[in-house]
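To start, the structure under review is shown below, and the notes come after it.
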Amino acid sequence: MSNSHLAEAQEEIDFMLAKYGKRSLAWAMELELLGSDVWFAHGNYFTDEEYEIIGKSVGSIAYCPIPQMMLGSRVLDLSELELKGINIGLGTDGYGVQDSSNLIEVLRMAYLLQCNSRGLGRTLAPTAYDCLKKATVNGAKILGRDDIGSLVVNKAADMFLIDVSPIEMVGALEDPSAFLAKAGYHNHVYMTFINGVVVYRDGKLQNINEDNIAQDANQVYQKNIKKYE
């Protein structure tokens, strides 16, 4: 399984053309970074022909709506890309660009941005449930995993539970399959399971010193940032 952040911004394409005389996907193809075991984060500035190439290779794109909005990038037509055969998942991009790693927030932003894109004259847009599948089963496909991504017999019991009793939840549960994409609530997650084992409960990770992990992660982050100062 291989991955690269690719075609995120027009500036990247311009840089590749100026320095290497080729676009980002052509560079990736020379390195044999194309196929069902390859996925690209972002993919905002591929051409229609390049999207066709990725689709025919049964490749995947991790759609990152929040950095897309930060950069003022064009809004991808996810429904059109899926018609070309591209598997679409969701990505957070991460703290390096002051984005969070909150997938539920990304899920909601993806849904809302795609809904808003109808104003661009597009006739198709993913439903809330479509976006939920992008965050789950499609993400599992990106990783080449058939044992995760949905609650099915013989798959890993990976799940999280949300407290739906707070007053702000009133009216938000009419359609549970659309709830996360439309409401985006993440503050009320109170339990998380990985393969049936509780790893998070009542605001705390279990059997892990969260403070130490955060401290170590911040040190690595600062070390990497200094490389580019």
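Okay, so the sequence shown: first residue is -2 according to this note's numbering, each after it adds one. Note that the Cβ used here is the ideal one computed from N, Cα and C, for glycine as well.
- Restricting attention to alpha helix (DSSP H) runs no shorter than 4 residues, the stretch 116 to 142 encloses them at 125 to 132, 134 to 139, ordered along the chain.
- Excluding its 5 nearest sequence neighbours in each direction, residue 113 has C-beta neighbours in its own chain below 8 Å: 72, listed in chain order.
- Residue pairing of residue 185 in beta bridges, as defined by DSSP: absent, with no partner found.
- Contact between residue 30 and residue 4 is absent: CB atoms are separated by about 12 Å, not below the 8 Å threshold.
- Cα atoms of residue 45 and residue 91: separation of roughly 27 Å, rounded to the nearest angstrom.
- For the set 81, 107, 53, 149, the Cα lying nearest the Cα of residue 64 is the one of 107.
- Check the Cα spacing between residue 121 and each of 134, 87, 80: the tightest is with 80.
- Under the three-state reduction of DSSP, residue 201 is assigned to strand.
- Contact between the stretch 81 to 89 and the stretch 47 to 59 is present: three or more C-beta pairs spanning the two stretches fall below 8 Å.
- The three-state reading of DSSP puts residue 86 in strand, counting E and B together.
- Annotation: the continuous beta strand (DSSP E) that includes residue -1 extends over -1 to 3.
- Residue 138 sits close to residue 84, with the two beta carbons spaced by under 8 Å.
- Fewer than three pairs of CB atoms, one per stretch, sit closer than 8 Å, so the stretch 173 to 180 makes no contact with the stretch 194 to 211.
- Around the beta carbon of residue 48, 16 or more other beta carbons sit within 10 angstroms, so the residue counts as buried.
- In the structure shown, the three-state DSSP call for residue 60 is strand.
- Distance from the CA of residue 0 to the CA of residue 170, rounded to the nearest whole angstrom, comes to 36 Å.
- The residue among 97, 28, 141, 24 with its C-alpha nearest the C-alpha of residue 43 is 24.
- According to the DSSP secondary-structure assignment, residue 156 is paired through a beta bridge with 190.
- In the DSSP assignment, residue 36 forms a beta bridge with 0, 57.
- By the CB criterion at 8 Å, residue 110 and residue 132 fall outside the cutoff.
- Taking the CA atoms as reference points, residue 216 sits about 20 Å from residue 202.
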